[in-house]
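Written out below as structure tokens is the structure these notes cover.
In structure tokens, the structure reads:
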């Protein structure tokens, strides 16, 4: 077993390096689950009230695409599993992915793995340690989720099943990330491939759970975590699928590791052009650095939009099977409103994703600085403001492209199916565009942090996560409006469906502009490095 | 001769650490100036203030007659800089990075670039992440040397280069000198500084401790003498002006204060001299003397 020598020491090193990050995940996910469950307990204390809720659930069919299939909404546990069953596993999958990526390829790219490898450390130890850390963290989150639900008084079996399903998502995508980390020499690219697999997995089950065919949900690891059916006659054998998936990908990652050299990927490194006479401005440099990432985000969001475009049409047909629901919806404004509400909530998710893109694009400024790549550029004629602006242009224009791509994806597919392409396109592109002012606020905030408290720049991610939680769970947690207003996305009008209200959009844009300007000035006047 | 760089009483603190403690430094136009000091003495901090990357807490710094913090852009089109640690963009090729940095400075000489790439034996089509430390350093050097500038700031530019490439680097700096460019060369390699530099400044704990031409500095220091005497050398004990005396029967080695040299030689002649070697102080001795004070603390 000398190939695994010192795995334990490396796990301890990983825990030391990640103590804050992992702790945040480990606390946040169980707390959110617990809060959701106890909020349902207060909102819907009796079985009758829950059954009534499950029938009047205004956009249930649309929500199914975003959350997960409802199996038994008569219990608190069942409600919680349904409501958080899409969100929770995706969060855990991200945790597993980021943890493994950070401790494998990112360390290798930075050259630190070489230093570790020169010690009396087994060939497989770094990868084994990263996987152990991610698996351990996932299981701890799962255990805490189960404990919280048992604490509230939910059945132990269901609680354990939901906790394990969460943990399963974390483990499966940790294993995926371990494999993609072997493929590319760049950590960003490796994480990107793994993240796109989370996206595909989420979309497969979104189609499978809403418009069908249902078999698609069974192609999706995220779908499996829901098909466990916690609190609704648990199907324990589904965990066998997850274990099998983990085994395959963990095995693949170790097999690939033996087939490559330290520092290289399996995908061959191609030589590039030996000169670049046209590469002569900070903007062009930013373009070179950001274009790949931007292109993959745009493609991803267009695909996601198209997926939801195919689902939207089926919302009406779902209602046909349920005359009682249909009557309720017609009283509420009819099928059109329902579809619009669905689109508006999809565009809300698009807004958050664009926010994630925008934050990482803006944080490039900080990572270039930390990696000492800002210094040689700022030692040339390029002013600091111009250099920051180069990256900012991509954060802003990239987000525009992203939301438009998603809007076009949804609008085009839905329009073709309902033969109203232009109307549907206009509506959905508008639905995407109204998210932009809120996205710009995140850009402004990130730049403000970079300008004044650069060490804390990554806190911008915290703001995005808070916005996400407020959006996903805010209504259920019955939070105060003051708290909900903290998220810039709360102020975005629901388009399509509502009339466009310009005032909040203009205010958001003004706030974003002011924060960006202040952040840029802060950056101009502080020490670099 | 006009000054290309003039620093007076420069202060800079990072939290509680005082990086520069009233530093004075003058670099004349057209000279190659060696900037020496132990790790953490404040060399890189000085260069980064001169580049306007960080702001000093007090004192003055002028470069080419301009203020490094305020006139950043004008200055930067007239200088090139090689950082101590050249970090490249992993997905840009070396050739692209050379062009990029040159273009951002205001253009580079394509013929000179081609010559330098050949001289430093660099494959410019490799991606940044594929280069070794020495090759990353070459990318930075080629880009800086191929730019048409008046002033070069080099922060330990040969770290990671093999001896052959170091020789190429020296040739290049010689060419820069002939072109009349000013070079501020921060370095640890004494042979390099002795071979290249017109003048040298030694910095310690953020202060200038020595500055001048190599000859001037040597003049201030004691020459070393080793001699074979016809009588026992113990007679030399207690003679004023003699330091670090070691006596092995008739063979003596010692250092002597320059102003006492005549007296000491007279004394030696009295004792009868079989052979005598006098050696001027090397830069290494100057350097070590200043460093030792540092380690004694």
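Residue numbers (our numbering), protein chains in the order written: chain U, 8 to 536; chain B, 4 to 300.
All residues carry an ideal CB built from backbone N, CA and C; glycine is no exception.
Chain U contact for residue i (CB, 8 Å cutoff)
{"i": "residue 57 of chain B", "result": "yes"}
{"i": "residue 99 of chain B", "result": "yes"}
{"i": "residue 75 of chain B", "result": "yes"}
{"i": "residue 182 of chain B", "result": "no"}
{"i": "residue 109 of chain B", "result": "yes"}
{"i": "residue 54 of chain B", "result": "yes"}
Local Cβ density within 10 Å of residue i, reported as buried at 16 or more and exposed below that
{"i": "residue 86 of chain B", "result": "buried"}
{"i": "residue 506 of chain U", "result": "exposed"}
{"i": "residue 298 of chain U", "result": "exposed"}
{"i": "residue 416 of chain U", "result": "buried"}
{"i": "residue 429 of chain U", "result": "exposed"}
{"i": "residue 36 of chain B", "result": "buried"}
{"i": "residue 273 of chain B", "result": "exposed"}
{"i": "residue 131 of chain U", "result": "buried"}
{"i": "residue 66 of chain U", "result": "Note on residue 66 of chain U: pLDDT 46, under 50, position unreliable in the model; no value is reported."}
{"i": "residue 133 of chain U", "result": "buried"}
{"i": "residue 172 of chain U", "result": "buried"}
{"i": "residue 376 of chain U", "result": "buried"}
{"i": "residue 273 of chain U", "result": "exposed"}
{"i": "residue 108 of chain U", "result": "buried"}
{"i": "residue 138 of chain B", "result": "buried"}
{"i": "residue 290 of chain B", "result": "buried"}
{"i": "residue 280 of chain B", "result": "exposed"}
{"i": "residue 132 of chain B", "result": "buried"}
{"i": "residue 42 of chain B", "result": "exposed"}
{"i": "residue 23 of chain U", "result": "exposed"}
{"i": "residue 216 of chain U", "result": "buried"}
{"i": "residue 174 of chain B", "result": "exposed"}
{"i": "residue 116 of chain B", "result": "buried"}
{"i": "residue 517 of chain U", "result": "exposed"}
Beta-bridge pairing of residue i - partner residues as DSSP gives them
{"i": "residue 406 of chain U", "result": "Partner(s): none; residue 406 of chain U has no beta bridge."}
{"i": "residue 185 of chain B", "result": "B/154"}
{"i": "residue 229 of chain B", "result": "B/256 and B/280"}
{"i": "residue 66 of chain B", "result": "B/8 and B/69"}
{"i": "residue 213 of chain B", "result": "B/205"}
{"i": "residue 11 of chain U", "result": "Residue 11 of chain U pairs with nothing; no bridge assigned."}
{"i": "residue 85 of chain B", "result": "B/157"}
{"i": "residue 251 of chain B", "result": "B/254"}
{"i": "residue 246 of chain B", "result": "B/258"}
{"i": "residue 21 of chain B", "result": "B/16"}
{"i": "residue 196 of chain B", "result": "Bridge partners of residue 196 of chain B: none, in fact."}
Any C-beta of chain B under 8 Å from that of residue i
{"i": "residue 535 of chain U", "result": "yes"}
{"i": "residue 14 of chain U", "result": "no"}
{"i": "residue 65 of chain U", "result": "With a pLDDT of 42 at residue 65 of chain U, under the threshold of 50, the modelled position of this residue cannot be trusted; read the value that follows with caution. Not closer than 8 Å to any Cβ of chain B, the Cβ of residue 65 of chain U fails to qualify, so no."}
Contact set between residue i and chain U, taken where Cβ atoms lie within less than 9 Å
{"i": "residue 96 of chain B", "result": "278, 279, 280, 281, 282 and 283"}
Beta-carbon neighbours of residue i, restricted to chain B and to distances below 7 Å
{"i": "residue 453 of chain U", "result": "Correct list: empty, because the minimum Cβ distance to chain B is about 21 Å."}
{"i": "residue 192 of chain U", "result": "132"}
Test: residue i CB closer than 8 Å to a CB of chain D
{"i": "residue 102 of chain B", "result": "As a matter of chain content, chain D is missing from the structure shown, whose protein chains are U and B."}
Closer than 7 Å at the beta carbon, the chain U residues around residue i
{"i": "residue 106 of chain B", "result": "286 and 287"}
Within chain B, partners of residue i - CB distance below 8 Å
{"i": "residue 390 of chain U", "result": "75 and 76"}
{"i": "residue 116 of chain U", "result": "93 and 132"}
Closer than 9 Å, Cβ to any Cβ of chain B: which residues of the stretch 376–388 of chain U, in chain order?
Correct list: 378, 379, 380, 381, 382, 383, 384, 385, 386, 387 and 388.
Contact list for the stretch 77–90 of chain B against chain U, Cβ threshold 7 Å
Interface annotation for the stretch 77–90 of chain B against chain U: 79, 80, 84, 86, 88 and 90, criterion Cβ-Cβ distance under 7 Å.
Note down, in chain order, all residues in the stretch 287–310 of chain U with a beta-carbon under 9 Å from any beta-carbon belonging to chain B.
Shown in chain order are the members of the stretch 287–310 of chain U whose Cβ falls below 9 Å from a Cβ of chain B: 287, 288, 289, 291, 292, 295, 296 and 299.
Where the stretch 120–136 of chain B meets chain U: residues whose CB sits under 7 Å from a CB there:
Correct list: 127, 128, 129, 130, 132 and 133.
Against chain U: residues of the stretch 257–290 of chain B by CB proximity under 9 Å
For the stretch 257–290 of chain B, there are no residues whose beta carbon sits under 9 Å from a beta carbon of chain U.
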